[in-house]
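Colleague:
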Amino acid sequence: MDTIRTQFATELKAVQTVKDVEALKVRYLGKKGLVAEQMKRLKDVSDEERPQYGKKVNDLRLEIEGALEKKLHSLESDELAKRLEAEHIDITLPGRSRFVGAAHPVTHGMEEMLKIFSDLGFSIQVGPEVDTDYYNFEVLNFPPDHPARDMQDTFYIEPGMLLRTHTSTIQARFLEQSVPPVRIVCPGRCFRNETISSRSHVFFHQIEGLCVDVGISMQDLVWTLTEFVQRLFGRDVSVRFRPSYFPFVEPGLELDISCFLCSGKGCALCKKTGWLEILGAGMIHPQVLKNVGIDPEKYTGFAWGMGIERSVMLRSGMKDIRELSENDMRFLKQFRTC
Ligand code: PHE
């Protein structure tokens with residue numbers, strides 16, 4: 515039995531895995547194991563020695579059992595320690611920051627302007643970018659060969675089809691299907707065949723606005739547009755209206771605001787004039803109302819159109835309109851608003 519004990523001790527030292535422990539258990543404590551073999555010899559032992567012999571074998575069994583149990587525990591806790599080490603998470607590491615997108619300055623500017631008009635009770639409409647000569651010009655009182663067509667160099671797709679040069683296309687498209695009162699704003703992209711420079715591009719965005727009802731007068735136009743520009747540029751800007759010409763309005767006018775950089779004293783932004791030109795507007799021409807089946811004796815209305823890029827640039831101090839379409843992230847990131 516002492517031999518078995520020493521042999522077991524040596525073998526136990528060599529044990530490395532749980533599987534090894536199990537193999538040792540079978541070899542020593544199994545039914546045909548070394549300890550059982552000793553037990554079998556009990557019958558050959560004399561009667562007086564038997565109880566002592568039996569106790570000795572039993573002690574050996576308990577000793578081996580205990581040692582194996584201990585080994586098993588230590589192997590298991592080693593394994594756990596290894597796993598904990600391997601799966602260790604360093605919670606002190608700073609997290610990886612995610613790239614969060616933001617609205618493009620033009621989109622952001624457009625949304626701000628639309629919000630002001632929707633607060634004033636206007637709803638939003640859209641129209642197609644590719645439209646007919648009819649909606650872009652003819653219905654708006656630009657007959658063929660009318661010199662005013664030269665004010666806007668047009669991209670024609672085929673005879674009679676073009677890329678809209680202004681969002682005024684929505685005027686007839688919407689009025690044709692409506693019975694006043696009408697109060698809408700229409701944002702969208704427009705195209706003109708112009709030389710690309712820091713101040714002009716072949717495409718840009720406009721917001722068109724339209725208000726038609728019984729008894730609408732210039733006073734409504736003046737109040738609405740003054741309120742709009744003051745909500746957008748600040749209450750301290752002054753507003754002036756200048757006569758201007760667009761075939762689809764009569765009278766036609768342009769709205770300037772006092773330069774918010776120099777407060778009207780004259781600087782580089784306002785080219786020393788003290789004023790910044792913001793939008794074109796006017797009372798809808800009776801002929802346009804007739805063209806869309808609205809009685810100009812009963813209804814009147816006003817309309818306006820403004821460039822979005824221009825306002826965005828004025829307010830943010832951008833110098834070159836091309837930067838708004840080149841999508842250089844380093845540039846755009848400076849104007850993140852959310
Ligand atoms: N469509 C005109 C332009 O693009 C602006 C405008 C709209 C003027 C509505 C008067 C009324 O310049």
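Under the numbering used here, the letters of the sequence shown match residues 515 to 852, in that order. Virtual Cβ for every residue (Gly too), placed ideally from N, Cα, C.
#1: Roughly how many whole angstroms lie between the Cα atoms of A853 and E593?
#2: Can you tell me which of the three DSSP states M515 falls into?
#3: Would you check if the segment 692 to 701 and the segment 716 to 725 touch, i.e. whether three or more CB-CB distances between them fall below 8 angstroms?
#4: Does DSSP classify P810 as helix, strand or coil?
#5: Mind checking who S839 pairs with in its DSSP beta bridge?
#6: Would you mind stating whether G766 and Y759 have Cβ atoms separated by less than 7 angstroms?
#7: Under DSSP, the beta strand (DSSP E) around Y670 begins and ends at which residues?
#8: Figure out for me which residue from P642, R850, G794, L735 has the closest Cα to the Cα of L676.
#9: Quick check: I798 and G821, are their CB atoms within less than 7 angstroms of each other?
#10: Do you know offhand how far L654's Cα is from A686's?
#11: In the structure shown, what three-state DSSP assignment does F705 receive?
#12: Run through the DSSP bridge pairs and tell me what I771 is partnered with.
#13: Just the C-alpha distance for V559 and A581, rounded to the nearest angstrom, thanks.
#14: Under three-state DSSP, which class holds G766?
#15: Quick one: grab the DSSP three-state call for F651.
#16: Provide the residue span of the beta strand (DSSP E) that contains Q552, from first to last.
#17: What are the boundary residues of the beta strand (DSSP E) that T646 is part of?
#18: Is the closest heavy atom of the ligand PHE to the C-beta of H719 under 6 angstroms?
#19: Which residue wins for smallest C-alpha separation from W818, given the options R850, G780, D734?
#20: Applying the criterion that 16 or more other CB atoms from any shown protein chain within 10 Å of the CB defines a buried residue, is E536 buried or exposed?
#21: When you compare the segment 610 to 625 with the segment 571 to 585, are there three or more beta-carbon pairs, one atom per stretch, that lie closer than 8 angstroms?
#22: List the whole-angstrom C-beta distance separating S714 from I835, where the pair is believed to meet the contact cut-off of C-beta under 8 angstroms.
#23: Would S772 be called buried (16 or more neighbouring beta carbons within 10 Å of its own) or exposed?
#24: For L556 versus G568, is the C-beta spacing smaller than 7 angstroms?
#25: How close, in whole Å, do the beta carbons of V753 and L769 come, if the pair is a contact with beta carbons under 8 angstroms?
Modeller: Per the coordinate set shown:
#1: Any question about residue 853 goes unanswered here, given that the chain covers just 515 to 852.
#2: As a first step, residue 515 must be located in the sequence shown, where it is residue number 1. In this structure, DSSP gives M515 a state outside helix and strand, which the three-state scheme calls coil.
#3: The segment 716 to 725, when compared against the segment 692 to 701, does touch it at the 8 angstroms Cβ threshold.
#4: On the sequence shown, position 296 is the one that residue 810 refers to. In the structure shown, P810 sits in coil (DSSP, three-state: anything other than H, G, I, E or B).
#5: As a working mapping, residue 839 is identified with position 325 in the sequence shown. Bridge pairing for S839: absent [DSSP].
#6: As a working mapping, residue 766 is identified with position 252 in the sequence shown. As a working mapping, residue 759 is identified with position 245 in the sequence shown. Yes, the pair counts as a contact, with Cβ atoms nearer than the cut-off.
#7: The residue labelled residue 670 in the question sits at position 156 within the sequence shown. In this chain, the beta strand (DSSP E) harbouring Y670 covers 670 to 672.
#8: Here residue 676 corresponds to residue number 162 of the sequence shown, with the count starting at 1. Considering only alpha carbons, the answer is P642.
#9: Here residue 798 corresponds to residue number 284 of the sequence shown, with the count starting at 1. Here residue 821 corresponds to residue number 307 of the sequence shown, with the count starting at 1. Here I798 is not near G821, since their CB atoms are 7 angstroms or more apart.
#10: Counting from one through the sequence shown, the residue named residue 654 turns up at place 140. Counting from one through the sequence shown, the residue named residue 686 turns up at place 172. Per the coordinates, the alpha-carbon of L654 lies some 7 angstroms from the alpha-carbon of A686.
#11: For this step, residue 705 is matched to residue 191 along the sequence shown. In the structure shown, F705 falls within a strand segment according to DSSP collapsed to helix, strand and coil.
#12: Counting from one through the sequence shown, the residue named residue 771 turns up at place 257. Partner(s): V753, L790.
#13: In the sequence shown, residue 559 corresponds to position 45, counting from 1. In the sequence shown, residue 581 corresponds to position 67, counting from 1. About 28 angstroms.
#14: Here the question's residue 766 lines up with position 252 in the sequence shown. G766: strand per DSSP, three-state reduction.
#15: Counting from one through the sequence shown, the residue named residue 651 turns up at place 137. In the structure shown, F651 sits in coil (DSSP, three-state: anything other than H, G, I, E or B).
#16: Within the sequence shown, residue 552 is the residue found at index 38, counting from 1. Not the beta strand (DSSP E): Q552 falls in the alpha helix (DSSP H), residues 548 to 554.
#17: Here residue 646 refers to the residue found at position 132 when the sequence shown is read from its first residue. If you look at T646, you'll find it in the beta strand (DSSP E) that goes 644 to 646.
#18: On the sequence shown, position 205 is the one that residue 719 refers to. Result no, Cβ not under 6 angstroms from the ligand PHE.
#19: Locating residue 818 in the sequence shown gives position 304, counting from the first residue. Cα-wise, what sits closest to W818 is D734.
#20: Within the sequence shown, residue 536 is the residue found at index 22, counting from 1. Flag for E536 reads exposed.
#21: Verdict: no, contact absent.
#22: Your numbering for residue 714 matches position 200 in the sequence shown. Your numbering for residue 835 matches position 321 in the sequence shown. Right, the Cβ-Cβ distance comes to about 7 angstroms (below 8 angstroms), so this counts as a contact.
#23: The count along the sequence shown starts at 1 and reaches residue 772 at position 258. Classification of S772: buried, given that the 10 Å Cβ count is 16 or more.
#24: Numbered from 1 along the sequence shown, position 42 holds the residue referred to as residue 556. Numbered from 1 along the sequence shown, position 54 holds the residue referred to as residue 568. L556 places its beta carbon less than 7 angstroms from that of G568.
#25: Residue mapping note: residue 753 aligns to position 239 of the sequence shown, counting from 1. Residue mapping note: residue 769 aligns to position 255 of the sequence shown, counting from 1. That pair is a contact at about 6 angstroms.
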